[in-house]
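Heads up, the thing below is written out as structure tokens.
In the numbering used here, the protein residues as written are 456 to 771.
So, in structure tokens, the structure goes:
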């Protein structure tokens, strides 16, 4: 039976479980309880690297300034981009000027780039040792996460060409996916909701004796019925956090998604909005499911802080 390893690279918030990983893990475990499902919350491990290098306050400042205030400047992408373009002094100087203009204080970018290179190299070596033969390795791609994911995919596939790499998430559309699957060693890219897709892909690999790379390429999926989804499974994150060197620094918050799409956009698309490019169709969980899921998660993980990943909330 094909094992699945789910990977979340920087820059999601380190104080919360990756919602894509939690939701996909729950779906795969429900589909087959005997299947090996492993989660790699590598953004949390990257936060440990920053803590070791810069201490508590420094790590908080660097991560927040890159992931939040610097998100629209592409700083997080640049830090993990050395495998795709030269990190030159002239380019670094331009970014330094942009940061100064935005009043964003960071350590030397060249130093952060070197730390990222070391982190990617050591992580690729470790995963290449730990992941079993022929496993499916799923990478999430949300907001400033795509370049970091690609930076790990490249060396991992060099070390382990037998692995089947799947990429998906809110960053993916058909045009972007067609470029990435052509230019990078990615076997499948999921465009659209990934829950049904990951189960289908795993079943295909279970049955096949030999699957060539990119035999399917881009997998497009229709909007999923949110009422059929299990509650997200946060165990993987909390297991990593429990043994993390930054455990004492983090007060975890829980993430949840009531619905996807936009009910307002279905009626009248806001001209400034670039979200929901693949499907504006609004679908949501039932209210009783939301209450049950959150009540159980709050009790199990002892956190009253919950954030919602929805673009819009249903007034009903």
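Note that beta-carbon positions come from the ideal geometry of N, C-alpha and C, so glycine has one too. In this text, all values refer to a predicted model and were calculated from it rather than measured experimentally.
Please name the residue, chosen from the options, that lies closest to residue i on a Cα-to-Cα basis.
i	options	result
residue 549	613, 565 and 539	565
residue 523	737, 560, 758 and 630	560
residue 617	632, 642, 604 and 750	642
residue 742	653, 567 and 686	686
residue 715	691, 706, 725 and 681	681
residue 599	766, 555, 465 and 765	465
residue 627	456, 729, 739 and 510	729
residue 745	516, 736 and 762	762
Let me know the secondary structure DSSP gives residue i once reduced to three states.
i	result
residue 723	coil
residue 675	strand
residue 701	coil
residue 493	strand
residue 730	coil
residue 715	strand
residue 488	coil
residue 463	strand
residue 633	helix
residue 739	strand
residue 548	helix
residue 539	coil
residue 470	coil
residue 639	coil
residue 531	helix
What's the gap between the Cα of residue i and the Cα of residue j?
i	j	result
residue 469	residue 499	5 Å
residue 427	residue 461	The shown model of the chain, from 456 to 771, leaves out residue 427, and the question about it has no answer.
residue 589	residue 657	11 Å
residue 553	residue 547	10 Å
residue 458	residue 635	24 Å
residue 495	residue 650	18 Å
residue 540	residue 769	43 Å
residue 734	residue 467	23 Å
residue 723	residue 655	34 Å
residue 597	residue 474	11 Å
residue 506	residue 690	23 Å
residue 583	residue 555	39 Å
residue 607	residue 576	8 Å
residue 503	residue 513	11 Å
Going by DSSP, which residues form a beta bridge with residue i?
i	result
residue 644	622 and 673
residue 794	For residue 794 there is no data in the structure shown, the boundaries of the chain being 456 and 771.
residue 709	761
residue 591	459 and 619
Three or more beta-carbon pairs under 8 Å between the segment 471 to 488 and the segment 530 to 545, yes or no?
no
Just checking, does the segment 695 to 705 make contact with the segment 743 to 751 on the three C-beta pairs under 8 Å criterion?
no
Quick check: the segment 758 to 768 against the segment 706 to 715, are there 3 or more CB pairs under 8 Å?
yes
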